[in-house]
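Participant:
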Amino acid sequence: MRIALDLGGGPIHPILAGAIPAARTGEHELRLFGPEEAIRAELTSLGYSENAQVVISDAPGVVGADEDAQAACRDRNDVSVINAAACAAAGEADALITVASERIAVAAALWHFKRLPGVLKPAAACLIPAANRPTLFLDVGSAGNCKPWHLLQFGLMGSIYAKTVLEIHDPSVYLLSSSSPASEQSELVREALPLLKYAGVRFEGAIDARVISQGKADVVVTDGDTGNILIGALRGLADHYSIMLESNVGKGPVRRLGAALVRSALTEAAVSGFGIAAGGIALLGVAGSTVLCGGTPEEAAAAIETVAKLEGSEFQKRLHKRLSDVKTGMETKGAIE
1 MRIALDLGGG
11 PIHPILAGAI
21 PAARTGEHEL
31 RLFGPEEAIR
41 AELTSLGYSE
51 NAQVVISDAP
61 GVVGADEDAQ
71 AACRDRNDVS
81 VINAAACAAA
91 GEADALITVA
101 SERIAVAAAL
111 WHFKRLPGVL
121 KPAAACLIPA
131 ANRPTLFLDV
141 GSAGNCKPWH
151 LLQFGLMGSI
161 YAKTVLEIHD
171 PSVYLLSSSS
181 PASEQSELVR
191 EALPLLKYAG
201 VRFEGAIDAR
211 VISQGKADVV
221 VTDGDTGNIL
231 IGALRGLADH
241 YSIMLESNVG
251 KGPVRRLGAA
261 LVRSALTEAA
271 VSGFGIAAGG
281 IALLGVAGST
291 VLCGGTPEEA
301 AAAIETVAKL
311 EGSEFQKRLH
321 KRLSDVKTGM
331 ETKGAIE
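With the numbering used here applied, the sequence shown corresponds to residues 1 to 337, in that order.
1) According to DSSP, what are the bridge partners of F33?
2) Report the CB separation of S142 from A123 in whole angstroms; it is logged as a contact under 8 Å.
3) Taking only the alpha-carbon atoms, compute the straight-line gap between C146 and V220 and give it to the nearest angstrom.
4) In this structure, does DSSP put A95 in helix, strand or coil?
5) How would you call G155, buried or exposed, if buried means at least 16 neighbouring beta carbons within 10 angstroms?
6) Tell me which residues share the same chain as L16 and place their Cβ nearer than 7 Å to its Cβ, disregarding the 5 neighbours each side in the sequence.
7) Using C-beta distances below 7 Å, list every residue in its chain close to F315, excluding the 5 sequence neighbours before and after it, in chain order.
8) Applying the 10 Å Cβ sphere with the 16-neighbour rule, what's the burial state of D78?
9) Confirm, please, whether the CB-CB distance from T135 to A217 is below 8 Å.
10) Could you give the distance in angstroms between the alpha-carbon of G285 and the alpha-carbon of L116?
11) Can you tell me whether DSSP reads V106 as helix, strand or coil?
12) My guess is that S213 and A131 are in contact by the Cβ rule of under 8 Å, so how many angstroms apart are they, rounded?
13) How is Y161 classed by DSSP in three states: helix, strand or coil?
14) List the endpoints of the continuous beta strand (DSSP E) containing R76.
15) Who are the near neighbours of A72 in its chain, counting only those whose CB is closer than 8 Å to its CB and skipping five residues on each side?
16) When DSSP builds the beta bridges, which residues end up paired with I128?
17) Among M1, G294 and G10, which has the Cα closest to the Cα of G91?
18) Which residue wins for smallest C-alpha separation from K317, given the options G294, V140 and G288?
19) If you follow the beta strand (DSSP E) that T290 is in, where does it begin and where does it stop?
20) Assuming Y174 and I128 are in contact, meaning their beta carbons sit under 8 Å apart, how far apart are those beta carbons, in whole angstroms?
21) Where does K114 land, buried or exposed, given buried means 16+ other C-beta within 10 angstroms?
22) How about I3 and E29: are their beta carbons less than 8 Å apart?
23) Would you call the CB atoms of T290 and L151 closer than 8 Å?
24) Output the distance between the C-alpha atoms of K367 and R40, rounded to the nearest integer angstrom.
25) Which term fits R322, buried or exposed, when burial requires 16 or more other beta carbons within 10 angstroms of its beta carbon?
26) Return no unless some Cβ of chain D is closer than 8 Å to the Cβ of V220.
27) Considering only C-alpha positions, which residue in the set A38, N51, G34 and D66 is nearest to S57?
28) Is the separation between the beta-carbon of G200 and that of V140 shorter than 8 Å?
29) I need the boundaries of the beta strand (DSSP E) containing V221, first residue and last residue.
30) Around the C-beta of E49, are 16 or more other C-beta atoms found within 10 angstroms, so that it is buried, or is it exposed?
31) Could you have a look at D225 and say whether DSSP puts it in helix, strand or coil?
32) For K197, tell me which candidate among V99, D225 and W149 has the shortest Cα-Cα distance.
33) If you draw a straight line from the C-alpha of G344 to the C-alpha of E204, how long is it?
34) Between which residues of its own chain and V99 is the CB-CB distance below 7 Å, once the five residues before and five after are set aside?
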């Protein structure tokens, strides 16, 4: 598979350290976008060089935090993620992996890939750790100002992704809410609940955030603003636990002995953020396989695995069909006007 890998927004060396093994095995071709000299230097430090499997495209520009993302997509031809998305949209690559911020990545994907037919808003989906298996959580920040019908589509996206990419036969789908009585739920949740009942997924109702970690749900749906806050809180908590473990495991001889026995496992867990967004963040609903990647070798390798599964699945084809079926079915039932 040909992958357009955007390196412009993150640390180049660790991402290449995780991505290059995929090219070395011959499974994937990598087209690297970012500052050419820096990329070439890091390839050399890893004992690798540009060849038929690894091609560098010089695109040193990045979009500033205060810069309008859509204007950048329209006016700038030096930005790495915009060039990488254009490459994939033109058919020169099969998929896109980017380390750009979610705001810029979503803008570039929408500008070049466009939305799949029938999709109202794309959704960013990631795995979060739970008791016995990870839970697919969406949206984690790509879609703000959501309406009930957006959450309906997120439920469809999550269910189909769980089936086609995660290979879960009959995934359960929940809507994130509080444990308050139904009368105290937000208007968005109250209006989305009946829509999801008609969606043709295994919808199990509302779920409180405190219950997600118990492993009860395969898929949890929420609006992008809420999802972004929750993921940020989980990552902050993971960072806190990493610091706390590091400062406490070495206190006293018994603890030092125990730490020596489990240090590698703790280090691996801490580096991976305790499993939060393991495999990257998949952008669902755009007409091109896109995964947002973290900045470690493990995250880069996992993102390649995720985007390969997504591109090799029937996710987009099945989503397009389900969106058409659900709209027709809900119109028949009178659930929507």
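Glycine residues also receive a C-beta, built at the ideal position from the N, C-alpha and C atoms.
Predicted model, so just to flag it, every value in this text is computed and none were measured.
Facilitator: So, from the data block:
1) Per DSSP, the beta bridge partners of F33 are D6 and S57.
2) Contact flag correct, Cβ pair sits at about 6 Å.
3) In a straight line, the C-alpha of C146 is about 15 Å away from that of V220.
4) A95: strand per DSSP, three-state reduction.
5) Buried is the call here.
6) Correct list, in chain order: E42, L43 and L46.
7) These residues qualify, in order along the chain: I160, Y161, T164 and V165.
8) Its Cβ having fewer than 16 others within 10 Å, D78 is exposed.
9) Against a cut-off of 8 Å, the Cβ pair of T135 and A217 comes out as a contact.
10) Whole-angstrom Cα-Cα distance: 6 Å.
11) For V106, the three-state secondary structure derived from DSSP is helix.
12) Correct: roughly 6 Å between the Cβ atoms.
13) It is helical.
14) R76 -> no beta strand (DSSP E), and no H or E assigned at all.
15) For A72, the CB contacts under 8 Å within the same chain, skipping 5 residues up- and downstream, are V63, V79, I82, I104 and A107 in chain order.
16) Bridge partners of I128: T135.
17) Nearest option by C-alpha distance: M1.
18) It is G288.
19) Run containing T290: S289 to L292, per the beta strand (DSSP E) assignment.
20) In fact, because the Cβ distance is near 13 Å, the residues do not count as touching under 8 Å.
21) With fewer than 16 other Cβ atoms from the protein chains shown falling within 10 Å of its own Cβ, K114 counts as exposed.
22) In this structure, E29 lies closer than 8 Å to I3 by Cβ.
23) Not in contact: T290 and L151 (Cβ atoms no closer than 8 Å).
24) Outside the shown range of the chain, which is 1 to 337, sits residue 367, and nothing can be said about it.
25) With 16 or more Cβ atoms within 10 Å of its Cβ, R322 is classed as buried.
26) Within the model displayed, chain D is absent; a lone protein chain is all it includes.
27) Looking at the Cα atoms, G34 is the closest of the given residues.
28) No, they are not a contact pair.
29) Going by DSSP, V221 is part of the beta strand (DSSP E) stretching over V219 to V221.
30) According to the sequence displayed, residue 49 carries Ser and not Glu. Counting Cβ neighbours within 10 Å, S49 comes out exposed, since fewer than 16 surround it.
31) D225: helix per DSSP, three-state reduction.
32) Minimum Cα-Cα distance from K197 among the listed residues V99, D225 and W149 corresponds to W149.
33) Any property of residue 344 remains undetermined from this structure, which presents the chain solely from 1 to 337.
34) A distance below 7 Å between beta-carbons, with the five flanking residues on each side excluded, links V99 to the following residues of its chain, in chain order: D6, L7, G9, G10, I15, C293 and G295.
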